[in-house]
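Q:
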Amino acid sequence: MEQRASSSDGPSLLRNVISASEGSEDIAVARDLARGFLTDVQAVHGLPVSGRVLGTVQLVVSELVTNARKYAPGPCLLTLEVDGGAIEVSVWDGNPTPPAILGPDPTRIGQHGLELVMAVSQSFTVCREPVGKRITATIVLADDPGGDIVGRKP
25 MEQRASSSDG PSLLRNVISA SEGSEDIAVA RDLARGFLTD VQAVHGLPVS
75 GRVLGTVQLV VSELVTNARK YAPGPCLLTL EVDGGAIEVS VWDGNPTPPA
125 ILGPDPTRIG QHGLELVMAV SQSFTVCREP VGKRITATIV LADDPGGDIV
175 GRKP
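In the working numbering, each residue carries its 1-based index in the sequence shown increased by 24.
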């Protein structure tokens, strides 16, 4: 896994990009990178990141990178970008086929990953690229001041 970090002068505050080539160890490295990235966002840039958000982002990273490794041959690219009080978690892979997004089914064993990602994200998009696809989930960095969990409204 290669890591490349950069601060941009554009609309985003901070961006971090890694590529994964093969192996499940890349999934753990991606989760660790997300945790370190958000720790830096809070410590260096002073943005609030709740403990719940830290765990949620690691879950989203794990699910999206796992799916890319499982269903797409070749490398995948994870991009973490903070913009407007939210973090965008994007994973690109070389398979142009969009994922099968299954509805909730408590009797189904397995394949609940994207269902979970969609439930905890403020937004979720799948975009075809010239080569492959990019899946992006957006998670608000701070919980509501009243203590309510911030996410997509039903």
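From the three backbone atoms N, C-alpha and C, an ideal C-beta is built for every residue, glycine too. All of these numbers come straight from a predicted model, not from anything done at the bench.
DSSP state of serine 145, grouped into three classes?
A: Here residue 145 refers to the residue found at position 121 of the sequence shown. It is coil, neither helix nor strand.
Q: Buried or exposed: which applies to serine 147, given that a residue is buried once 16 or more other Cβ atoms fall within 10 Å of its Cβ?
A: Along the sequence shown, read from residue 1 onward, the residue named residue 147 stands at position 123. By the Cβ neighbour-count rule, serine 147 is exposed, with fewer than 16 other Cβ atoms within 10 Å of its own.
Q: Verify whether the separation of the beta carbon atoms of arginine 158 and serine 86 is less than 7 angstroms.
A: For the purposes of this step, residue 158 is taken as residue 134 along the sequence shown, with counting starting at 1. For the purposes of this step, residue 86 is taken as residue 62 along the sequence shown, with counting starting at 1. Cβ atoms of arginine 158 and serine 86: not closer than 7 angstroms.
Q: Are valine 144 and threonine 80 closer than 7 angstroms when you measure CB to CB?
A: On the sequence shown, position 120 is the one that residue 144 refers to. On the sequence shown, position 56 is the one that residue 80 refers to. It is a contact, given that the beta carbons lie within the stated cut-off.
Q: How far does the alpha helix (DSSP H) with isoleucine 51 in it reach, from first residue to last?
A: For the purposes of this step, residue 51 is taken as the residue at position 27 of the sequence shown. Unbroken alpha helix (DSSP H) run through isoleucine 51: 49-67.
Q: What do you get for isoleucine 111, buried or exposed, if any count of 16 or more other CB atoms within 10 angstroms of its CB means buried?
A: As a first step, residue 111 must be located in the sequence shown, where it is residue number 87. Looking at its Cβ environment, which holds 16 or more other Cβ atoms inside 10 Å, isoleucine 111 is buried.
Q: For leucine 104, name the three-state secondary structure that DSSP assigns.
A: Taking the sequence shown and counting its residues from 1, the one referred to as residue 104 is at position 80. Three-state result, leucine 104: strand.
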